[in-house]
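Asker: Counting in UniProt numbering, the sequence shown runs from 1 upward without gaps.
Glycine included, each C-beta is placed from N, C-alpha and C at the ideal position.
Being a predicted model, the structure only gives us computed values, none of them experimental.
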Amino acid sequence: MNSLQRGRGRGSNPWNQGGGRDGHNQNRAVKKKPSAEFLAQTKFQEAQARLQASVQKHIKQEYDSSSEEEELESDSILGSVLQLYSQVGGRSEDLGRTQRFLEDVFQSGAASCLICIGSVKRNDAIWSCVECYCFFHLACIQRWAKDSVAHQKQALEDQPQGIVVTRFKWACPKCRHDYEQTDTPQRYCCFCGRTEDPPFHPWLTPHSCGERCEKALQPICGHNCLLLCHPGPCAPCPKMVKTTCFCGNQPPRLQRCSNKSWSCGSHCGRLLGCGRHECVEVCHPAECPPCPKTSVQSCECGQQKALRPCADPKWQCEQKCGEVLSCGNHKCEKVCHFGSCGPCPLTEARSCPCGKTSYILPCTQEIPTCGDTCGRTLECGAHVCSRSCHRDKCGTCLEMVTKKCRCGLHSKELPCQKEFLCETKCKRTKGCMRHPCNKCLDGNCLPCEKPCGRTLRCGNHKCASMCHRGPCYPCPLTAEVKCHCGLTVLTVPCGRKKQTRPPRCNKPCRILPDCHHPSRETHRCHFGDCPPCQQVCGKLLEPCKHKCPAPCHSAVWVKLEENRKPVGPWDKVQSQVELKALPCPSCKVPVAVTCLGGHETCDWPCYIANPTSCQRRCGRMLACGNHTCNLLCHRVEQAPNEVAVGDNCEQCELGCSKPRPEGCVHACLKRCHPGDCLPCSQMLRVQCHCGLNQLYVCCSEWTSSSADKKQSLKSCGNQCPKNYECGHRCRAPCHPGECPDPEMCRKKVKQTCPCRRLKKEFPCDVVRIGQVKVECDDVCKQKKDEEMKYGDAGLSQQQVYEWSRKFAKGVTSVEDAPRPGQAHRVVTPENTAAVEAIVRENRRVTLNEIAASLNISHGSAHHIVHDVLQFHKVPARWVPRQLTPKLKDQCIDACEELLRCSEREGDDFLSRIITGDETWVHLHQQEMKRASKECRHSSSPKPKKF
Numbered sequence: 001m002n003s004l005q006r007g008r009g010r011g012s013n014p015w016n017q018g019g020g021r022d023g024h025n026q027n028r029a030v031k032k033k034p035s036a037e038f039l040a041q042t043k044f045q046e047a048q049a050r051l052q053a054s055v056q057k058h059i060k061q062e063y064d065s066s067s068e069e070e071e072l073e074s075d076s077i078l079g080s081v082l083q084l085y086s087q088v089g090g091r092s093e094d095l096g097r098t099q100r101f102l103e104d105v106f107q108s109g110a111a112s113c114l115i116c117i118g119s120v121k122r123n124d125a126i127w128s129c130v131e132c133y134c135f136f137h138l139a140c141i142q143r144w145a146k147d148s149v150a151h152q153k154q155a156l157e158d159q160p161q162g163i164v165v166t167r168f169k170w171a172c173p174k175c176r177h178d179y180e181q182t183d184t185p186q187r188y189c190c191f192c193g194r195t196e197d198p199p200f201h202p203w204l205t206p207h208s209c210g211e212r213c214e215k216a217l218q219p220i221c222g223h224n225c226l227l228l229c230h231p232g233p234c235a236p237c238p239k240m241v242k243t244t245c246f247c248g249n250q251p252p253r254l255q256r257c258s259n260k261s262w263s264c265g266s267h268c269g270r271l272l273g274c275g276r277h278e279c280v281e282v283c284h285p286a287e288c289p290p291c292p293k294t295s296v297q298s299c300e301c302g303q304q305k306a307l308r309p310c311a312d313p314k315w316q317c318e319q320k321c322g323e324v325l326s327c328g329n330h331k332c333e334k335v336c337h338f339g340s341c342g343p344c345p346l347t348e349a350r351s352c353p354c355g356k357t358s359y360i361l362p363c364t365q366e367i368p369t370c371g372d373t374c375g376r377t378l379e380c381g382a383h384v385c386s387r388s389c390h391r392d393k394c395g396t397c398l399e400m401v402t403k404k405c406r407c408g409l410h411s412k413e414l415p416c417q418k419e420f421l422c423e424t425k426c427k428r429t430k431g432c433m434r435h436p437c438n439k440c441l442d443g444n445c446l447p448c449e450k451p452c453g454r455t456l457r458c459g460n461h462k463c464a465s466m467c468h469r470g471p472c473y474p475c476p477l478t479a480e481v482k483c484h485c486g487l488t489v490l491t492v493p494c495g496r497k498k499q500t501r502p503p504r505c506n507k508p509c510r511i512l513p514d515c516h517h518p519s520r521e522t523h524r525c526h527f528g529d530c531p532p533c534q535q536v537c538g539k540l541l542e543p544c545k546h547k548c549p550a551p552c553h554s555a556v557w558v559k560l561e562e563n564r565k566p567v568g569p570w571d572k573v574q575s576q577v578e579l580k581a582l583p584c585p586s587c588k589v590p591v592a593v594t595c596l597g598g599h600e601t602c603d604w605p606c607y608i609a610n611p612t613s614c615q616r617r618c619g620r621m622l623a624c625g626n627h628t629c630n631l632l633c634h635r636v637e638q639a640p641n642e643v644a645v646g647d648n649c650e651q652c653e654l655g656c657s658k659p660r661p662e663g664c665v666h667a668c669l670k671r672c673h674p675g676d677c678l679p680c681s682q683m684l685r686v687q688c689h690c691g692l693n694q695l696y697v698c699c700s701e702w703t704s705s706s707a708d709k710k711q712s713l714k715s716c717g718n719q720c721p722k723n724y725e726c727g728h729r730c731r732a733p734c735h736p737g738e739c740p741d742p743e744m745c746r747k748k749v750k751q752t753c754p755c756r757r758l759k760k761e762f763p764c765d766v767v768r769i770g771q772v773k774v775e776c777d778d779v780c781k782q783k784k785d786e787e788m789k790y791g792d793a794g795l796s797q798q799q800v801y802e803w804s805r806k807f808a809k810g811v812t813s814v815e816d817a818p819r820p821g822q823a824h825r826v827v828t829p830e831n832t833a834a835v836e837a838i839v840r841e842n843r844r845v846t847l848n849e850i851a852a853s854l855n856i857s858h859g860s861a862h863h864i865v866h867d868v869l870q871f872h873k874v875p876a877r878w879v880p881r882q883l884t885p886k887l888k889d890q891c892i893d894a895c896e897e898l899l900r901c902s903e904r905e906g907d908d909f910l911s912r913i914i915t916g917d918e919t920w921v922h923l924h925q926q927e928m929k930r931a932s933k934e935c936r937h938s939s940s941p942k943p944k945k946f
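(1) Indicate whether Thr491 and Pro508 have their beta-carbon atoms separated by less than 8 Å.
(2) When you compare the CB positions of Cys515 and Ala555, do they come within less than 8 Å of one another, or not?
(3) Does the segment 134-152 touch the segment 194-202, meaning 3 or more C-beta pairs lie closer than 8 Å?
(4) Starting from Ile892, trace the alpha helix (DSSP H) both ways and give me its first and last residue.
(5) With 16 as the cutoff for other CB atoms within 10 Å, does Tyr473 come out buried or exposed?
(6) Using the rule of at least 16 other Cβ atoms within 10 Å of the residue's Cβ for burial, across every protein chain shown, is Gly248 buried or exposed?
(7) What residues are listed by DSSP as bridge partners for Asn693?
(8) Given this structure, state the Cα-to-Cα distance separating Thr828 from Leu695, to the nearest angstrom.
(9) Report the option in Gln890, Cys680, His517 and Arg194 whose CA atom is closest to the CA atom of His230.
(10) CA-CA distance, Gln925 and Val874?
(11) Going straight from the alpha carbon of Cys445 to that of Lys393, what length do you get?
(12) In chain order, what residues of the same chain have a beta carbon less than 7 Å from the beta carbon of Cys595, not counting five sequence neighbours either side?
(13) Based on the DSSP secondary-structure assignment, which residues constitute the bridge partners of Glu413?
(14) Which residues share a DSSP beta bridge with Val241?
(15) Could you tell me if Arg122 is buried or exposed, where buried requires 16 or more neighbouring beta carbons within 10 angstroms of its beta carbon?
(16) Would you call the CB atoms of Ser715 and Cys739 closer than 8 Å?
(17) I need the DSSP call for Tyr179, collapsed to helix, strand or coil.
(18) Taking DSSP as the reference, what is the three-state secondary structure of Ser67?
(19) Between Pro185 and Trp127, how many whole angstroms is the CB-CB distance? I'm expecting something under 8 Å.
(20) Thinking C-alpha only, which one of Gly210, Lys498 and Pro238 is nearest Gln218?
(21) Would you kindly work out how many angstroms separate the C-alpha atoms of Lys572 and Leu51, rounded to a whole number?
(22) Using the Cα positions of Arg406 and Asn438, report the straight-line distance between them to the nearest angstrom.
(23) With DSSP run on the structure shown, which of helix, strand or coil describes Cys283?
(24) For Cys698, write down the residues that DSSP places opposite it in a beta bridge.
(25) If you reduce the DSSP assignment to three classes, tell me which class Trp570 lands in.
(26) Let me know the secondary structure DSSP gives Ile367 once reduced to three states.
(27) Report the partner residues of Asn506 according to the DSSP bridge assignment.
(28) Under 7 Å Cβ to Cβ from Lys191, same chain only, skipping five residues before and after it: list those, please.
(29) Examine the Cβ distances between the segment 423-437 and the segment 447-467 and report whether three or more of them are shorter than 8 Å.
(30) Using three-state DSSP, classify Trp203 as helix, strand or coil.
(31) With DSSP collapsed to three states, give me the class of Asn224.
(32) Among the candidates Glu379, Pro309, Thr364 and Thr357, whose CA atom is the shortest distance from the CA of Thr373?
(33) Leaving aside the five residues before and after His330 along the sequence, list all residues of the same chain whose C-beta is less than 6 Å from its C-beta, in chain order.
(34) Going by C-alpha to C-alpha distance, which of Gln48, Asn224, Ala639 and Gly619 sits closest to Leu631?
(35) Does the distance from the CB of Glu278 to the CB of Gly269 come in under 8 Å?
(36) Suppose you measure from the CA of Cys416 to the CA of Cys274; what does that come to, to the nearest Å?
What follows is the structure, given as structure tokens:
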């Protein structure tokens, strides 16, 4: 937070008000004595000025005066330097190091002298190295060369007298390129060296003459540099020349002179060193590589063959030649060679072991010793062997000589092969002139092997070279001075970073924004705080998700209010500011707002755009589909669509008023409901076609049936009781109208003979057409004769049998007994009223109990209850709990008491409530469903049990 607070707005000192020039003249005019307040103010201002000067002294950056030089028109000057180079075809990408030197020479304070660690100004006399092209002050390099030669001469004086050096050299402080003593610069020249003391011109490259360079380009191609006098190396040659490829197979083509070697990309094809194969490499510079193939080759003597690289055809085996020489006594001792073995080496002139006498003897005879003194130089190099000529090795030197130590202070007689070393230490200093030798040497002290360790001119590093004489070489390291973004870099020698002003950067600022935007408004790289962000905020406001149109306010400097007052004129209270993120203003985007019920839509500012009631009727279609909600405009909850009602809309309590189907006289049993009414479930009593049975048909089924369907519903399914014309019963089930297919009756019919004694059965249809006839037989004829004889006085056989049975039962009278008459009628209005009274008194009474109490049959009781009175047994349904009026009053009293406590005590009352649930479980015997059935009409409410 401290980094975000700073003093902004110094403000005006209240003690300075009214202290202008006019007020001062007025005081002089009246010649009043300065007041104590004015004197205190003057002292305060003086003390403040001294403190500010002291602070500025510590915070001021000490930049070199070279950094205060005016910026040059580098683009136009660089364009004039490269004009001719570009016209020939040169590109800026080919400049390389030359472009870096040009940029440094234009940048104020970029070039520094490594000797004095100071900036090289544009009007300073300089010298540049021909190897590394580094700038140095002319006076600095002259002093450097003079000191280097002087140290070499002083070191030479300390060497023995026998060493003579006639040439002294000095080296460049940076690249250490050697220069002759005569190459020490004496005059200030331009970069090309043709103009002495070139004047500074703001439209030319500093330290240049403004003429064409004309130096011979490197590597030497015969062309000269086309740039104007410039620092650094010359640019590559931009001219175009015709050259062939490396292999020479393609015709010449135009190439830049600085890059005139090129490859055609095809196979080389030149004959390799083996003389048998061609080069398969792609067109390449220099010589072709050795042949990569292998072949079977013979050795020099031709005795062995081996698979060897084709590029190395000559090889020797490890066997000796073994051929008999021309002398016939010896064999050739040479290892595998080509050609003749030559003469026997023992037949040529041979010398004795000491080499003083030579002999020509047969190869079979050994060379004798000459007998003279050996005279060969011994290992000491000062004496010779005194033995006579001998074949073995000469021994060690045994001569006694007087030897001096290396320092020359002591002498002693010792064998020649021994070295004499005294115990005296060398008192001279080494070549560094800092450390003693401390060893006995022959006058030439060894170079100092200790590190130099002296602090370099940069002040940051120490000399890493071996201890040496004279000044240390400049620090080879460099430092980078960067702009704030780090893209513009200025390379300066080590030790110059603090004194060099950061370079001006034309790149866009890369400081990450303090606000929420991904990037700042485009502006140049700079130090310090970036300007306030002026972009549109664009944040998504909550909860509307609109973009904030106000200027960016997520990182704003806000002035902190302090109540502290200054205790005196010396106490200056500076206002403090803090970087804060201010909230977005209220969203004022026009938003279409629809009322709670969706009746109308208006535009309101977003921050107050909340749906409200328009005080109209809700008007949504209720679940019944016949009526609408009459509540005032309200928010509809859990509505499936924009038209249907929700859970909090009004509930329809009216009865069903929809028209009944044609033919149905019963009312709908449901309350007002959507869609069509359910099919009527009332039962209708219909007489069947045959008139014997009463059928019960559902009302909906009867009213929705066609005429044919109704005819089928009126059929009881029993066999028709009607008879055909033939007298037989109709075989079809219960049906309307005439019996169908009477001619198809095939009932068995008995036919008798004329005397009725013989009986036979025939189909009815055969009998009706008259195709059946039974003839009497002989017995019938005999019987007929008897009847004619007795007449009608005799009884028939059947009558004889019947009276025989009656007599057997004890019936003696031949008269018919009287009949009982019509049966007793049970379904009377009196019995019906009695049954209805019994049922209304006890809805669970059984049919057996009714029949027993009225002394009627079970069937009669069933007919009266179900068919006449239209009562049906209905089981009771379960209801969880039933609140009596008393219990409802108790619930209302408890709720009102809790509401009064909440209004009186507030949230404390809610914190003292312990919620819970308690259920009482009663043990009782559950009755069966059959036992709970009661006699009810179809329109009566269903019974309940708790």
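Answerer: Short version:
(1) no
(2) yes
(3) no
(4) Pro885 to Glu905
(5) buried
(6) exposed
(7) Its beta-bridge partners do not exist; DSSP assigns none.
(8) 22 Å
(9) Arg194
(10) Model confidence at Gln925 stands at a pLDDT of 48, short of 50, so the residue's coordinates are unreliable; what they give is reported in the following sentence. Between Gln925 and Val874, the C-alpha separation is close to 21 Å.
(11) Rounded to whole angstroms, Cys445 to Lys393 spans 38 Å at the Cα level.
(12) Pro611, Thr612, Ser613, Cys614 and Cys633
(13) Glu413 pairs with Thr402.
(14) Gln255
(15) buried
(16) no
(17) Here DSSP, grouped into helix, strand and coil, assigns Tyr179 to strand.
(18) Model confidence at Ser67 stands at a pLDDT of 42, short of 50, so the residue's coordinates are unreliable; what they give is reported in the following sentence. Here Ser67 sits in helix by DSSP.
(19) 4 Å
(20) Pro238
(21) 13 Å
(22) 13 Å
(23) In the structure shown, the three-state DSSP call for Cys283 is coil.
(24) Cys698 is bridged to Met683.
(25) coil
(26) coil
(27) DSSP output for Asn506 lists no bridge partner at all.
(28) Reading off the sequence shown, one finds Phe at residue 191, where the question assumed Lys. Here the set comprises Ser128, His207, Ser208, Cys229, His230 and Pro231.
(29) yes
(30) coil
(31) strand
(32) Thr357
(33) Cys344
(34) Gly619
(35) yes
(36) Going by the C-alpha atoms only, they are around 59 Å apart.
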